[in-house]
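Sequential numbering of the sequence shown, starting at 1, is according to my numbering.
First the structure, in the form of structure tokens, and then the observations on it.
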Amino acid sequence: MKIEVPLDKANRLINSGQVILVTSAYEKKANIITLAWNMPISHKPPLMAISLAKKRFSYDLIKKSGEFAVNIPTAELFDEMYYCGRNSGRDVDKFKETDLTAQKANKLKYTPLIKECAGHLECRLYFEKEAGDHVLILGEIIHASAEKDLFDVKWKVEKARLIYHLGDNVFTTSDKEIIA
Ligand SMILES: Cc1cc2nc3c(=O)[nH]c(=O)nc-3n(C[C@H](O)[C@H](O)[C@H](O)COP(=O)(O)O)c2cc1C
């Protein structure tokens with residue numbers, strides 16, 4: 001038996017989205033936003049997508065700087081991740097409030113990485129298109145790095161407990177590998 005899923009919850013069938021922390025910055029302002037809506041898009045060039053509501057402060061900063069960074073939190077950073085998804089950089093300095101450490105990126109001009117995160121994609125703004133109440137933003141990945149103990153060509157999921165958002169206030173984490 002199948003139940004009908006209301007359309008405003010339909011995205012949850014495909015999005016048990018891996019939670020990322022996107023950093024953005026321009027001049028003296030640096031910010032962190034929690035995002036569950038993200039995906040890879042292209043190998044050549046390497047592109048990834050995020051879906052950002054236009055009213056987010058992060059959107060203003062990305063538009064001004066033309067760049068952003070994706071930082072991958074593990075379950076140890078759950079509280080910091082949650083804070084960054086519930087407060088706007090318009091009102092608070094999220095680096096200061098969470099004690100997360102801003103670390104200079106390899107290729108980006110303005111945007112710092114989050115030192116405590118397990119992996120990073122440095123992205124140049126490649127394309128944007130308004131889509132409903134969000135903006136689809138593609139980033140060209142110009143540098144990528146990951147913690148050696150947690151990533152070896154792919155995530156070692158049992159060690160790097162990545163965070164996934166199921167909807168509302170419910171999350172899960174990666175557990176055992178399934179090897180086909
Ligand atoms: C688990 C989680 C996932 C989220 N995913 C998204 C997302 O994919 N896109 C989006 O625009 N906002 C998303 N948000 C909401 C933003 O993180 C939130 O509005 C944040 O306070 C905006 O920060 P800013 O104004 O400093 O940019 C998410 C929040 C949480 C807690």
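Yeah, the Cβ is synthetic: ideal placement off N, Cα and C, and Gly gets one too.
All values derive from a computational prediction rather than experimental measurement.
Of the choices 29, 120, 46 and 50, whose alpha-carbon is the least far from that of residue 39? Mapped onto the sequence shown, residue 39 falls at position 39. Taking only the C-alpha atoms, the option nearest residue 39 is 50.
So, helix, strand or coil for residue 84, using DSSP? Numbered from 1 along the sequence shown, position 84 holds the residue referred to as residue 84. Helix, per DSSP.
Taking only heavy atoms of ligand 1 into account, decide whether any of them is closer than 8 Å to the Cβ of residue 52. Here residue 52 corresponds to residue number 52 of the sequence shown, with the count starting at 1. Because some heavy atom of ligand 1 lies under 8 Å away, the Cβ of residue 52 counts as near it: yes.
For residue 71, count neighbouring C-beta atoms within 10 Å of its own C-beta (all shown protein chains included) and say buried if the count is 16 or more, exposed if not. As a first step, residue 71 is located in the sequence shown; it is residue number 71 there, counting from the start. Looking at its Cβ environment, which holds 16 or more other Cβ atoms inside 10 Å, residue 71 is buried.
Contact between the stretch 51 to 65 and the stretch 144 to 151: three or more CB pairs below 8 Å? no
Can you give me the C-alpha to C-alpha distance between residue 100 and residue 114, rounded to a whole angstrom? Translated into positions along the sequence shown, residue 100 becomes position 100. Translated into positions along the sequence shown, residue 114 becomes position 114. A straight-line Cα-Cα distance of about 6 Å links residue 100 and residue 114.
Confirm, please, whether the CB-CB distance from residue 22 to residue 57 is below 9 Å. Sequence index remark: in the sequence shown, residue 57 carries index 57 (1-based). Sequence index remark: in the sequence shown, residue 22 carries index 22 (1-based). Cβ atoms of residue 57 and residue 22: not closer than 9 Å.
Pick from 55, 171, 87 and 109: whose alpha carbon is nearest that of residue 183? Nothing about residue 183 can be read from this structure; the chain reaches only from 1 to 180.
Identify whether residue 21 lies in helix, strand or coil by the three-state DSSP scheme. On the sequence shown, residue 21 is found 21 positions in, with the first residue counted as 1. Residue state, collapsed to three classes: strand.
Verify whether the separation of the beta carbon atoms of residue 140 and residue 35 is less than 9 Å. The count along the sequence shown starts at 1 and reaches residue 140 at position 140. The count along the sequence shown starts at 1 and reaches residue 35 at position 35. If you check the CB distance, residue 140 and residue 35 do not come in under 9 Å.
Under 9 Å between C-beta atoms of residue 163 and residue 52: Here residue 163 refers to the residue found at position 163 when the sequence shown is read from its first residue. Here residue 52 refers to the residue found at position 52 when the sequence shown is read from its first residue. Their beta carbons are not under 9 Å apart, which means residue 163 does not touch residue 52 by this criterion.
Kindly identify the DSSP beta-bridge partner or partners of residue 127. Numbered from its first residue, the sequence shown carries residue 127 at position 127. Partner(s): 138.
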